[in-house]
Structures are given as C-alpha cells and as structure tokens.
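Notes follow the structure.
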Amino acid sequence: MLSIIVICSIIIDGLCIKQSKQIYATEHKNYIVMAKNDEIFEDFISQHEDQIVEEKTTDILEKNNIAVIDMNERELKNSIRLFRDEDIIIEEDVVVTAMTKEEKDIEYNDMCELMKMDSQQIPWNVKAIHATKQDLEMFIDSNPMINSSIKIGIIDSGVEVLGEIKTAERINLIDREGSAVPMYEDLTGHGTSVAGIINARDDDYGLVGVNPKVDLFDIKVFDDVNQAPLSRIIEGIEYAMEKEIKVLNMSFGTNVSSEILHRKIAEAYELGMLLVASSGNEGIVEYPAAYDEVMAVGATTEKNKVANFSLVGTESEIVAPGEAIMTSGLLGGYAVESGTSLAAPHVAAAATLLWEKDPTMSNDFIRQLLNKSARRLDDTNSGNGLLDVAKAFEIYDEFLQAYEPGKIEYKEIPENKDNMISFNENYVVGSWYAQQSGGHNGTIESTGYLTSEVKLLKKAANNADEGNYSATKNKPVNLVLHGGTVDKASFDLPNKTDRTGDNYISNIRYLYQAAQEMYNTGKISVNINQYPNVSSELEYNGVPADGKSKTIINDLLDTVVYPGTDESSKEKKGLKILGYAIHLAGDVYAHRAIISNNTKVISMLDPAHFGWTGNCELSEIESQAFLVTRSTKKCTHLNCLKKGIAEGIIEGKDVAAWMTDHNTIYYEDNSDFMPSRYEGAKWTVKYLMARFSKNLSITASLFKPKDENNNQFIVDINGLKKFYKENNWDTTDLVGVNYLR
4 MLSIIVICSI
14 IIDGLCIKQS
24 KQIYATEHKN
34 YIVMAKNDEI
44 FEDFISQHED
54 QIVEEKTTDI
64 LEKNNIAVID
74 MNERELKNSI
84 RLFRDEDIII
94 EEDVVVTAMT
104 KEEKDIEYND
114 MCELMKMDSQ
124 QIPWNVKAIH
134 ATKQDLEMFI
144 DSNPMINSSI
154 KIGIIDSGVE
164 VLGEIKTAER
174 INLIDREGSA
184 VPMYEDLTGH
194 GTSVAGIINA
204 RDDDYGLVGV
214 NPKVDLFDIK
224 VFDDVNQAPL
234 SRIIEGIEYA
244 MEKEIKVLNM
254 SFGTNVSSEI
264 LHRKIAEAYE
274 LGMLLVASSG
284 NEGIVEYPAA
294 YDEVMAVGAT
304 TEKNKVANFS
314 LVGTESEIVA
324 PGEAIMTSGL
334 LGGYAVESGT
344 SLAAPHVAAA
354 ATLLWEKDPT
364 MSNDFIRQLL
374 NKSARRLDDT
384 NSGNGLLDVA
394 KAFEIYDEFL
404 QAYEPGKIEY
414 KEIPENKDNM
424 ISFNENYVVG
434 SWYAQQSGGH
444 NGTIESTGYL
454 TSEVKLLKKA
464 ANNADEGNYS
474 ATKNKPVNLV
484 LHGGTVDKAS
494 FDLPNKTDRT
504 GDNYISNIRY
514 LYQAAQEMYN
524 TGKISVNINQ
534 YPNVSSELEY
544 NGVPADGKSK
554 TIINDLLDTV
564 VYPGTDESSK
574 EKKGLKILGY
584 AIHLAGDVYA
594 HRAIISNNTK
604 VISMLDPAHF
614 GWTGNCELSE
624 IESQAFLVTR
634 STKKCTHLNC
644 LKKGIAEGII
654 EGKDVAAWMT
664 DHNTIYYEDN
674 SDFMPSRYEG
684 AKWTVKYLMA
694 RFSKNLSITA
704 SLFKPKDENN
714 NQFIVDINGL
724 KKFYKENNWD
734 TTDLVGVNYL
744 R
C-alpha cells in the first residue's frame, strides 16, 4: 500500500501551515490549500488563479474554502510567507490507496468443489457476528427496514452494477460529467466487495449482506489501480455530509496524518455521522482509523482469532470478520478476499441496523453500544471484542438507561461472554465464480476464474468504450461493439419489422470463438464469413506488415488494458477478446431493450425538443427524426414518438435525447432506468463466462433474459428473434417473452 509522504506540522494557535520535508524540491507539485474563512480563501485564490488545478478544485471543495494549487518550491515559500500560520493550511495532495491485501491466485476448480450456489447462502462472517434473520428476528419487527431513514456511504472504488447490490445513489468523483457506463464503474472490485458485505440483496440466490435494505450511497474516489489524491478523499467526505449520510465506511488508510483530512472527519462527527474505518494490514492503526472520531476495525478469522495481518500489539476499537470473506465480486460473480477492508463494513452495516431502531439516537450512543455488546476475545489487540449484532439489540434498552454522552466504561452492564461459533469453511482466497441458475436451461454451472483474470476481463470490456479504433474508419464503432445501433428505422406497423444493422448475435459469436481459439492456441483461424451479417471490422488479420490495416481485435491486443499482467500470453489475449464479447452482450441490453409503455417515461419527454405536436399517423413514424440526436435535428412529431413507445418499437437509445434532462435522469446507460436490463445482462455475462471456462460453444441460450425462478429478468430486446433466425438458431428458446418478430 502506498503511504502518504510525511508532511511535518508547525502548529501555531490553532490552524497551521504544513511544510513539506522536501519543500525545496524543484519540480511542481499539487497542494491542497484550506483557508480559515471565505475572505482569506478568496485572497489566496486571487493570487494563484492561474495555478488552480481545475479538475481537482471542484465546487464542493471551493464551497468549503479548499482548492488544489500547482506550485513549485519558490511559489510555496511565497505562499507560506504571505499568509499567517493560523489562517491557512497547505498540504501536499499525495496519493491515497485503498486498503488492499496481496492475494494469490488459485485454480478455479478448488472453489468449484467448495460451494454450490443453487440458492441463497448465509456466509460464515454474517453468522459469526450474529446478524442473520434468525439471530435478529426476536429483536426486529416484521418489516424493520422499510423506508429507513438511515443512510450509509462508502468512499471506495465504485460498486458493480451486475450484481446483488442496490445503490440509493452513485456519486462518481472521477467522472464528474456523468458519462461513465455504470457496468464498468468498479474496475478493481474493492468497493464492490465492501458493498456486498453491507447490503447484498436478500433474495432467493447468492449471498446476503448484513443490512440488505439499507440506503447505500456509492461515492467513487479510487481509480482502476485503487488510488486517489487526498483532495478527492476530502471531497468524498464533503459529499457524505451534504447527503446527510449517517454512517460512513472508509476502507482505506495511510500511516501519515493529514490536518485537513482530520478536520473534515471531526466536522462530520460533530454533525452526527458515525465514521468507520479499517485499522490497517501493516501492524499499526493507520489514518483515518487512528483519529479519535473514527471507529478502528481490526480483522478476525473464522476461528474468532485476530488475523495475523491485522494489528500486532496495538488495539483496534473493535474487530469483525476479515479473513477469507466470501462477498460480491466483479461481473456479477463472487470473490473470497481478506483484509481489514472487509472487516470495517460489518461494523458500519451493524450500526445502521441499530440506528433504525431509533434514528434520533446519537452517533456516540450507537458507537458505545457496539463496543459494549462486543464479545471479548483473548487477543490483547482485539479492542472491545468481536462485533455481536444480536447482543447489541439484546442489551439495547438496558444500555439506553445507563448511557451518558462521552462515557466509555459501563461496568453496570454484564460483559458479553456468550458462546462463539467457530467455522471451518476453508474458502480459498483469490477466486471468482458464477452461481448456478436455471436461467439458461441449467447451462450455468459453478464456475471460477482467477481474480486477476476477472479484473482483466472487466478492464478489457471497459476498453470497448475508451478504445481508439482505427479499424472502423468512418463507420460508427457502436455498430460493432455496442449492440448494433441502426442506420435508419424501418418500422412496419403492426408487423413491427425489426431494425437494420449488423447482427449482434453474429458479432458476439465471432468474438467468443476468436477468444477461445486465441486462449487455447494463440491463433485465430475462424472464418468470419461463418456468421451472417457479422461486422468485417472485427476480423483478426494478424500483424500487418505495414502496421496500418488493423481491425478492432488487432487494436485491442495492441492495447495494454491491465497493468501488471503478462499481456503477451495467449491466455491473456484470449481473455481480452472475451471481454469485448462481454461488453457487446451487456450493451445489447443497455441499448436495444424496448421501452415499455411507461407513462413516467412519456411524461418526461420535453415538448421543447420537438417542432410540432399535432396528431400523427402511424405511417409517418418511419419518416420521423427522433432517431437522430437532438443536437443534430429536431423531431417534428412528439405524438409519433409517444405512439412508438406505446407500440413497443422504441429503444432506450432512441428516447434518451428527448427527455427533459437527457444527461442525468433517463438514458440508455442509467442503471436505474429499466433495471431489469441489467439483471438480464448479468445472467448473460455469467453464461458467457461459464461456457468459456468449460471450453464450450455458446448456444441459443445466450440471450434468455428471464430466470425461470424469477420473472423480474424479463427484457424485450429489439431484433433478437430476427438475428437468431439469421444464425439458424431455434427461436423456441425465446418462448415466454414478448420479443419483437
């Protein structure tokens, strides 16, 4: 883990100037500047206006008199000289890293033999802290968490949308324009693993979190290597305060204190927020966990012992399971990971459960209740003991009578000496696997990948949105990799003739077979003409002598998409190509799903975008311009678009540009808009990965966006039946869903 470079302090009457030990270095550096008040801040900014780092100095930071300034040695010295010590703080905007623990990859077959995910599983760590339904049913009403007013936030790397985690809001502080595709928000899995422990959904399959119905605010600050500047961490805390979040999980740390960070944490605590942080994997309590305002959480094993990577000789405030924890992973799968990063969210989620009993209680009350109810351990570095949620509910009323603000010792309440459960799950750390499901005629089996391979797959999939494709030349790349957006519409009501465009089924099949051949042999021999209406830009043509005639696959293989892996191996190359197939499969749901006859969607259409709102004949729909982006040409018939939605012929991509707020509310990549699309995408992605790991061909079960045991996955996809027929696939597999014909 990277450590923050030491910045020594000169404290004078309160506020201070921070001076770097390397203050006289010649290179420019970014510095966080926090002023005492608006007047001082404006004075400082006026003198450094040309040096403001715009991409880091956001509105929410400026509102709190914070900015990021680019300065060299001389400029820093002048700033220190011109402003009084008590008026301003200057710190280097160093890099902070999410608290990760090095894990070894394993062969996925080891995991496959350990656990079958035919139905919902309660992981050992939830049982260890007595937080299962059975543990809590006598303390909680039948509908305990409906309309909960308790909000929990995580400052992390984002949350996987293809999984079992529901977010109340996604706040991406890296992509401030909101253009990032939610399917590729979390590229490392760190934030997803934390979120899964907190609120993995309580449904009929997979895992379940400690508080499945809590409102989770996903505050993304870490990039694709789990790093963030300190200024972005501070901004994340500011957002948490702005959103009135009650519990904040911080699974990151550094061994150096930051005065600005500490002040923001103290401010949040004073406002009533409970802050929970992982204590560290390096043998000392790290910051922010080391601050008095923060609950420092250490990690235990399945045998209720403090993990050997957790603190040695120094106490955490409380401990929770953190070794070999099965939790949510990337691409809808599950991972087994270790670290104090995984321990902290147990405590944070438990706090939300207790706070829901009476939201008027203080953060100090909840904190001391958690500490007093914890089960004492023999380990001297276990603080108040192992988190025990049921015990906290059991002593709640007794503790309420004894509670005094600021009081720590409560000798009048008996110590928790309840028996503890020891587990023997033997989960293997570092793996990923998909759960079994009948969603594709039983073709999904418990299937694993190395964690590093899943990260490579997701990074490659994300590259499909970022790549610079020389192969496509003047042809839009989205015709190839993004679901086959059409050149024009050809609607023939009432027959609903499907749209024209490349056959996305063919494109996926070619990418999938090319990935298999590359993975197994290091070569691609499949004839692209084997599949009808496939995009010629996909065809792999080796390495052209002139270096110019590249295809999309060539471009992909020439791009390093995951640092630290052997990019030259045939296996890594094959996984990259599979990542493109996964991207295309997901985008079919995102872009080509049919808008249902949804009155809310229709009400959001903005008449100002249309030139005429008169009556519309069905025959006129074909000639309307609503398939052209709003910035290019206005649609002339609002009623035609409404009629198209009512007739079930309009895709999510079409309607996005005509909404009142087309950037943020309803658009094709908004995971809250027709969320069943992302459920369908999850099962199709799992299907592709399961078949690939078994070296099997994909079948007509590729797109069956309906779980046989759960109807919420029903999605209408435009052109699906037509493209199946072109591939000579039996369309009887599509029975039960109202696909266009």
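Using the numbering used here, you'd call the opening residue of the sequence shown number 4 and step up by one each time.
Idealized CB from N, CA, C, for every residue including glycine.
Being a predicted model, the structure only gives us computed values, none of them experimental.
Apart from the five residues on each side of it in sequence, which residues of its chain come closer than 6 angstroms, Cβ to Cβ, to P215?
Along the sequence shown, read from residue 1 onward, the residue named residue 215 stands at position 212. If we look at P215 and ignore the five residues flanking it on each side, its Cβ neighbours are N202, R204, D205.
Specify the secondary structure class of R379 as computed by DSSP and reduced to three states.
Here residue 379 refers to the residue found at position 376 when the sequence shown is read from its first residue. Residue state for R379 is assigned as coil, using DSSP reduced to three classes.
Answer yes if the region 124 to 143 comes into contact with the region 345 to 353, meaning at least three C-beta pairs across the two stretches below 8 angstroms, and no otherwise.
yes
Could you check if K360 is buried or exposed, using at least 16 other CB atoms within 10 Å of its CB as the buried criterion?
Translated into the one-based positions of the sequence shown, residue 360 becomes position 357. By the 10 Å Cβ count, K360 comes out buried.
For the beta strand (DSSP E) that contains L278, what are its first and last residues?
In the sequence shown, the residue the question calls residue 278 occupies position 275. 277 to 281 is the extent of the beta strand (DSSP E) around L278.
With burial defined as no fewer than 16 other Cβ atoms inside 10 Å of the residue's Cβ, what is the status of A611: buried or exposed?
Mapped onto the sequence shown, residue 611 falls at position 608. By the neighbour-count rule (16 or more Cβ atoms within 10 Å), A611 is not buried but exposed.
Quick one: residues in its chain with C-beta nearer than 7 angstroms to the C-beta of N510, no 5 flanking neighbours on either side, listed in chain order?
On the sequence shown, position 507 is the one that residue 510 refers to. V483, V537, S538, L541, L587.
Is it buried or exposed for N731, if we count other Cβ within 10 angstroms and need 16 for buried?
Counting from 1 along the sequence shown, the entry for residue 731 is found at position 728. Result: exposed.
Residue range of the beta strand (DSSP E) that G301 falls in?
Your numbering for residue 301 matches position 298 in the sequence shown. Here the beta strand (DSSP E) through G301 covers 297 to 303.
Between which two residues does the alpha helix (DSSP H) containing V36 stretch?
By 1-based counting over the sequence shown, the position of residue 36 is 33. Premise fails: V36 lies in the beta strand (DSSP E), 32 to 38, not in any alpha helix (DSSP H).
Below 8 angstroms on the Cβ atoms is my guess for A517 versus I580; work out the distance and round it to an integer in Å.
On the sequence shown, position 514 is the one that residue 517 refers to. On the sequence shown, position 577 is the one that residue 580 refers to. That pair is a contact at about 5 angstroms.
By Cβ distance, which residues of its chain are closer than 7 angstroms to R680, with the 5 residues on each side in sequence left out?
If you number the sequence shown from 1, residue 680 lands on position 677. Contacts found: Y592, A593, A596, V718.
Which partner residues does L251 have in the DSSP bridge list?
By 1-based counting over the sequence shown, the position of residue 251 is 248. In the DSSP assignment, L251 is bridged to G156, L278.
By DSSP, does K308 sit in helix, in strand, or in coil?
Here residue 308 is taken as the residue at index 305 of the sequence shown, counted from 1. Three-state DSSP puts K308 in coil, outside helix and strand.
Within 10 Å of its beta-carbon, does K119 have 16 or more other beta-carbons around it, so buried, or fewer, so exposed?
The count along the sequence shown starts at 1 and reaches residue 119 at position 116. Residue placement at K119 cannot be trusted, given a pLDDT of 40 that sits under 50; what the coordinates show is reported in the next sentence. Per the 10 Å Cβ criterion, exposed.
Give every residue of the same chain whose Cβ lies closer than 7 angstroms to the Cβ of S528, excluding the five residues on either side of it in the sequence, and list them in chain order.
Taking the sequence shown and counting its residues from 1, the one referred to as residue 528 is at position 525. Cβ within range, chain order: E520.
Can you give the Cα-Cα distance for D218 and L356, rounded to whole angstroms?
By one-based count along the sequence shown, residue 218 stands at place 215. By one-based count along the sequence shown, residue 356 stands at place 353. Roughly 11 angstroms between the two C-alpha positions.
Check whether the Cβ of G156 lies closer than 7 angstroms to any heavy atom of the ligand NAD, and answer yes or no.
This structure simply doesn't include the ligand NAD, nor any ligand for that matter.
Return the first residue and the last residue of the beta strand (DSSP E) that R754 is part of.
Within the shown structure, residues of the chain are numbered from 4 to 744, placing residue 754 beyond reach of any answer.
Is I14 helix, strand or coil by DSSP?
Your numbering for residue 14 matches position 11 in the sequence shown. Because I14 sits at a pLDDT of 31, beneath the cut-off of 50, its placement in the model cannot be relied upon, and the point is left open.
Can you round the beta-carbon distance between G166 and T195 to whole angstroms, since I take them to be within the 8 angstroms contact cut?
Along the sequence shown, read from residue 1 onward, the residue named residue 166 stands at position 163. Along the sequence shown, read from residue 1 onward, the residue named residue 195 stands at position 192. Indeed they touch by this definition, with Cβ atoms about 7 angstroms apart.
Who are the near neighbours of R370 in its chain, counting only those whose CB is closer than 7 angstroms to its CB and skipping five residues on each side?
As a first step, residue 370 is located in the sequence shown; it is residue number 367 there, counting from the start. The residues are L277, M298.
In this structure, does DSSP put A684 in helix, strand or coil?
Mapped onto the sequence shown, residue 684 falls at position 681. A684: helix per DSSP, three-state reduction.
Counting pairs of beta carbons, one from the region 269 to 284 and one from the region 295 to 309, are three or more of them closer than 8 angstroms?
yes
Which residues does DSSP pair with M74 in a beta bridge?
Numbered from 1 along the sequence shown, position 71 holds the residue referred to as residue 74. Paired residue(s): K32.
Should V392 go down as buried or exposed, given a rule of 16 or more other Cβ atoms within 10 Å for buried?
Against the sequence shown, residue 392 aligns to sequence position 389. Under this definition V392 is a buried residue.
State yes or no: is the C-beta of K249 within less than 8 angstroms of the C-beta of G161?
Position 246 of the sequence shown, counted from the first residue, corresponds to residue 249. Position 158 of the sequence shown, counted from the first residue, corresponds to residue 161. Taking 8 angstroms as the Cβ cut-off, K249 and G161 do not qualify as a contacting pair.
Since D227 and T191 should fall inside the 8 angstroms C-beta cutoff, what is the C-beta to C-beta distance between them, to a whole number of angstroms?
The residue given as residue 227 occupies position 224 in the sequence shown. The residue given as residue 191 occupies position 188 in the sequence shown. That belief holds up - the Cβ atoms of D227 and T191 are roughly 6 angstroms apart, short of 8 angstroms.
In angstroms, rounded to a whole number, what distance separates the CA positions of M329 and D178?
As a working note, residue 329 is residue 326 in the sequence shown. As a working note, residue 178 is residue 175 in the sequence shown. For M329 and D178, the distance between alpha carbons rounds to 29 angstroms.
Give the single residue among V36, V457, L578 whose Cα lies nearest to the Cα of R266.
Counting from one through the sequence shown, the residue named residue 266 turns up at place 263. When the alpha-carbon of R266 is set against those of V36, V457, L578, the nearest one is in V36.
Rounded to a whole number of angstroms, what is the C-alpha to C-alpha distance between I70 and I43?
As a first step, residue 70 must be located in the sequence shown, where it is residue number 67. As a first step, residue 43 must be located in the sequence shown, where it is residue number 40. Reading off the sequence, residue 70 comes out as Ala, not Ile. Between A70 and I43, the C-alpha separation is close to 12 angstroms.
Are three or more beta carbon pairs between the region 318 to 326 and the region 377 to 387 nearer than 8 angstroms?
Output reads yes: the region 377 to 387 touches the region 318 to 326.
So L333 packs on V457, CB below 8 angstroms; how close in whole Å?
In the sequence shown, counting from the first residue as 1, residue 333 sits at position 330. In the sequence shown, counting from the first residue as 1, residue 457 sits at position 454. The pair is a contact, with the Cβ atoms about 5 angstroms apart (cut-off 8 angstroms).
Output needed for K39: all residues of its chain with C-beta closer than 8 angstroms, excluding positions within five of it in sequence on either side, in chain order.
Working through the sequence shown from its first residue, we reach residue 39 at position 36. Closer than 8 angstroms at the Cβ level, and outside the excluded window around K39, lie L18, N68, E89, D90, I91.
Would you decide whether K526 is buried or exposed? Buried here means 16 or more other CB atoms lie within 10 Å of its CB.
Here the question's residue 526 lines up with position 523 in the sequence shown. Exposed.
With a CB to CB cut of under 8 angstroms and the five nearest residues on each side skipped, what residues in its chain are close to P535?
Counting from one through the sequence shown, the residue named residue 535 turns up at place 532. Same-chain partners within the cutoff: N506, S509, E729, N730.
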